[in-house]
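Quick note on numbering: our numbering labels position 130 of the sequence shown as 134, and the sequence is numbered without any gaps.
Every residue gets a Cβ at the ideal spot worked out from N, C-alpha and C, and that includes glycine.
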Amino acid sequence: MSTELLPFFAYGTLLPGQPNAHLWADHVTAWQPATLADCALYDLGHFPMCVPAPGGIVHGQLAEVDAAKYQQVQRHLDELEGYNPADPDNSPYQRLARVVTLATGTEQTAWVYIGQPIYIANRPLIASGDWLTYRAENLLAAQNWWQKNRADYFNKRN
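Written out as structure tokens, the structure reads:
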């Protein structure tokens, strides 16, 4: 396990308000909007995967972690992402140090969980590079479809 206490760049279910945020919420001391260049985001169903993609941009948040809990948090995040530091090439995600850009324009090195490209075959690209926006749009589209089609859908089934 690396001893470097870098912040983490979160872009999916670890973001505030998302399903896995509770895993580290008590130990994150600060959040800042940030972007990661030369990567793209794919929809793997209930979570996204970030993979290298020249020219792509992924939107997320930079999370600073309490130093006293850092190793514990890093271990839990590695477990969640299926990252094995002893065998990174056979892990679905690798934890890599990458430069992210804060909303202020400042660059910062952070740990990013980058997926193995083999896992994105036939998965939809999230063109905006923004998981939160993508999920909100899909939820709204589903809600609108059900509002519009609920009566017809159930009448056809009876």
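In the DSSP assignment, L81 falls within the unbroken alpha helix (DSSP H) covering 74 to 85.
Going by DSSP, G49 is part of no beta strand (DSSP E) at all; its letter is neither H nor E. If you ignore the 5 residues before and after G60, its C-beta comes within less than 7 Å of the C-beta of D42, C43, A44, G133, all in its own chain and listed in chain order.
Per DSSP, E8 is not a residue of any beta strand (DSSP E), being assigned neither H nor E. Spatial neighbours of P58 in its own chain (CB-CB distance under 8 Å, excluding positions within 5 residues in sequence) are listed in chain order as D42. Beyond the five residues adjoining it in sequence on each side, P23 comes within less than 7 Å, by CB distance, of T17 in the same chain, given in chain order. Taking the CA atoms as reference points, A140 sits about 10 Å from Q147. Taking 3 residues as the shortest admissible run, the stretch 92 to 116 contains the following complete beta strand (DSSP E) segments, listed from N- to C-terminal end: 97 to 106. By the Cβ test, the stretch 69 to 86 is not in contact with the stretch 101 to 108, since fewer than three Cβ pairs between them sit closer than 8 Å.
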